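Student: Chains as they are written, first to last, in full-length UniProt numbering: chain V, 1 to 339; chain G, 1 to 195.
Backbone N, C-alpha and C define an ideal beta-carbon position, used for all residues, glycine too.
Here the structure is a predicted model, which is why all the values come from computation and not from measurement.
First, the structure itself, so that you have it in front of you.
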């Protein structure tokens, strides 16, 4: 007898391990049966998880912390049981802008700052949700170049609309997860400026989230799901040729295989077993990013809540790096560090 | 009493569903209802309309755009899930079930929000029923076509009357516990193979 687990996900390569676990039966070997439901927005995943339409969800790691900290405006705290990978995001910009500012994160940000003249129309960059690594990565990048506040405006654009939004001149660039950067680049709408791993490494962007109440009432279920994901990742390490096939099959209703495969081959996205763990240090790092964005305060009380929201794994994941420096804990008081 | 001055935006790419909902809101006395059916630059469009309430279909990826907007506009608007006390849980469940979600400017009376959400839920459900009926009618038409084609093949192959052909097919269907349309499709597939 296995226990059914209804899981919502978005069509992204970091939904891969959920599909691998299900296709290969790692869920059933851990006493669960995953049924995977494709969704269309992070808001839907959050709401359907909160109202019991799903048992678990593919979720933005910072959104889990935001819900635990009570920032959502309604009480539906989530916990993260496992990371669904590390470092899948990239920043893409229009071909014209790419021409003008190409370079690593610090140099492209400096060129961007120099490009803008006071009074000009602000450049518009899109991320995916108020609480997302995508949002913080854009903020950190802009800060690196000392880009003026008036020079840019940030908005949310669903990644599926990003290519058309760039073509229509509605946005100048976006930060999205894989494979949307590849997809948009193949269409000729944008160019990948840099993978976010050039800015920060070992960063959990998505986790498998459960409602906190249900998870605490029956902690064996999230733990079993985390084991199934870890096994899926181990399988992926040993079957590199088969992994893209499973992921491409799972995502092709929304995305062509020609976009999924190169995105999976990109050397920054990590779906290995070590990448599925969560740690207190990661919780601190994400809290520091929420605080950097002005969404939360980095204090002892918030730190406790954040750490409780990330269920630490026995095998600790790699420590986050920011601009090549290992994150040692605490708030990001000064950024960039040299400034 | 409905507030006639309330500005409501329906964000829905499905024109039929949007018009069913707009009619429902008008019947409830809301005249300032705008439908948005394309989603490039939704943020700018919505800012220009300055609505008190946005109703958006749950399958719309642009829900996430609204999530951001309600937080940068100085927290003066919130998702309707905000109102989730015990008495609202049923309303929100019904809304998710029906596939609609609402974003509301802060300060709007709870009862007023509830009325509009109720109208939205019932109109979305009415649309879903309509679509099911339409699909059923389409399926029926396709079944009829398959049965007629299969019948013609049986008449030709066995040199029997139309009535005999039909009763043969019905008998097979009954014996195998299938629909006669499925038997007809099996005949068509077999005929295609043997051609």
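With DSSP as the reference, label residue 135 of chain V as helix, strand or coil.
Tutor: Within the first chain, residue 135 of chain V is the residue found at index 135, counting from 1. If DSSP states are grouped into helix, strand and coil, residue 135 of chain V belongs with the helices.
Student: For residue 190 of chain V, which of helix, strand or coil comes out of DSSP?
Tutor: For the purposes of this step, residue 190 of chain V is taken as the residue at position 190 of the first chain. DSSP places residue 190 of chain V in coil when its eight states are reduced to three.
Student: Quick check for students: name the residue ranges of the alpha helix (DSSP H) that lie wholly in the region 7 to 52 of chain G, counting only runs of 4 or more.
Tutor: 15 to 27 and 42 to 49
Student: Near residue 323 of chain V, what residues of its chain come up, given a Cβ to Cβ distance below 6 Å and the 5 sequence neighbours on each side ignored?
Tutor: Here residue 323 of chain V corresponds to residue number 323 of the first chain, with the count starting at 1. Take residue 323 of chain V, set aside five residues on each side of it, and no residue of its chain has a beta-carbon closer than 6 Å to its own.
Student: Using CA atoms only, rank isn't needed, just tell me which of V:82, V:136, V:150 and V:98 is closest to residue 224 of chain V.
Tutor: Stepping through the first chain from its first residue, residue 224 of chain V is reached at position 224. It is V:82 whose Cα lies nearest to the Cα of residue 224 of chain V.
Student: Hey, would you say residue 77 of chain V sits closer than 8 Å to residue 90 of chain V, going by beta carbons?
Tutor: As a working mapping, residue 77 of chain V is identified with position 77 in the first chain. As a working mapping, residue 90 of chain V is identified with position 90 in the first chain. Cβ distance not < 8 Å, so residue 77 of chain V and residue 90 of chain V don't count as in contact.
Student: In the DSSP assignment, find the unbroken beta strand (DSSP E) run with residue 327 of chain V in it and report its ends.
Tutor: Taking the first chain and counting its residues from 1, the one referred to as residue 327 of chain V is at position 327. Unbroken run through residue 327 of chain V: none, as it is neither H nor E.
Student: Answer with yes or no whether the minimum CB distance from residue 147 of chain G to chain V is below 8 Å.
Tutor: For the purposes of this step, residue 147 of chain G is taken as residue 147 along the second chain, with counting starting at 1. No, residue 147 of chain G does not count as interfacial toward chain V.
Student: So which residues on chain G does residue 155 of chain V lean against when the C-beta distance must stay under 8 Å?
Tutor: By 1-based counting over the first chain, the position of residue 155 of chain V is 155. Going along chain G in sequence order, the residues near residue 155 of chain V (Cβ under 8 Å) are 43, 65 and 68.
Student: What are the residues that DSSP puts in a beta bridge with residue 334 of chain V?
Tutor: Stepping through the first chain from its first residue, residue 334 of chain V is reached at position 334. In the DSSP output, where bridge partners are listed per residue, residue 334 of chain V has none listed.
Student: Using a Cβ distance threshold of 8 Å, determine whether the region 120 to 135 of chain V contacts the region 218 to 234 of chain V, with at least three qualifying pairs required.
Tutor: no
Student: Count the other CB atoms, across all protein chains shown, that sit within 10 Å of the CB of residue 150 of chain G; report buried if there are 16 or more and exposed otherwise.
Tutor: For the purposes of this step, residue 150 of chain G is taken as residue 150 along the second chain, with counting starting at 1. Classification for residue 150 of chain G: buried.
Student: Which of the three DSSP states is assigned to residue 128 of chain V in this structure?
Tutor: The residue given as residue 128 of chain V occupies position 128 in the first chain. It is coil, neither helix nor strand.
Student: Count the other C-beta atoms from every protein chain shown that fall within 10 angstroms of the C-beta of residue 169 of chain V, then say buried if there are 16 or more, exposed otherwise.
Tutor: By one-based count along the first chain, residue 169 of chain V stands at place 169. The residue in question, residue 169 of chain V, is exposed, as its Cβ has fewer than 16 Cβ neighbours within 10 Å.
Student: Would you mind working out which of V:236, V:287, V:312 and V:227 sits nearest residue 269 of chain V, comparing C-alpha positions?
Tutor: As a position in the first chain, residue 269 of chain V is number 269, starting the count at 1. Measuring from the Cα of residue 269 of chain V, the nearest candidate turns out to be V:236.
Student: If residue 300 of chain V and residue 332 of chain V are in contact, beta carbons under 8 Å, what's the gap, nearest whole angstrom?
Tutor: For the purposes of this step, residue 300 of chain V is taken as the residue at position 300 of the first chain. For the purposes of this step, residue 332 of chain V is taken as the residue at position 332 of the first chain. No, residue 300 of chain V and residue 332 of chain V are not in contact; Cβ-Cβ is about 17 Å, not under 8 Å.
Student: For residue 257 of chain V, I'd like the list of residues in its chain whose CB is within less than 6 Å of its CB, leaving aside the five on either flank, ordered along the chain.
Tutor: Position 257 of the first chain holds residue 257 of chain V. Around residue 257 of chain V: 248.
Student: Since residue 2 of chain V and residue 31 of chain V are thought to touch, with beta carbons under 8 Å apart, how far apart are those beta carbons, to the nearest angstrom?
Tutor: Numbered from 1 along the first chain, position 2 holds the residue referred to as residue 2 of chain V. Numbered from 1 along the first chain, position 31 holds the residue referred to as residue 31 of chain V. Rounded, the Cβ-Cβ distance is 5 Å, consistent with contact.
Student: Exposed or buried, residue 189 of chain G, counting other C-beta atoms within 10 Å across all chains shown (16 or more means buried)?
Tutor: Translated into the one-based positions of the second chain, residue 189 of chain G becomes position 189. It is exposed - the Cβ of residue 189 of chain G has fewer than 16 other Cβ atoms within 10 Å.
Student: Quick check on the DSSP output: the alpha helix (DSSP H) that includes residue 187 of chain G runs from which residue to which?
Tutor: Along the second chain, read from residue 1 onward, the residue named residue 187 of chain G stands at position 187. Its alpha helix (DSSP H) spans residues 180 to 194.
Student: Using only the heavy atoms of the ligand GDP, determine whether one of them is closer than 7 Å to the beta carbon of residue 266 of chain V.
Tutor: As for the ligand GDP, it is missing from this structure, which has no ligand bound.
Student: State yes or no: is the C-beta of residue 166 of chain V within less than 8 Å of the C-beta of residue 94 of chain V?
Tutor: Residue mapping note: residue 166 of chain V aligns to position 166 of the first chain, counting from 1. Residue mapping note: residue 94 of chain V aligns to position 94 of the first chain, counting from 1. Yes. Within cutoff.
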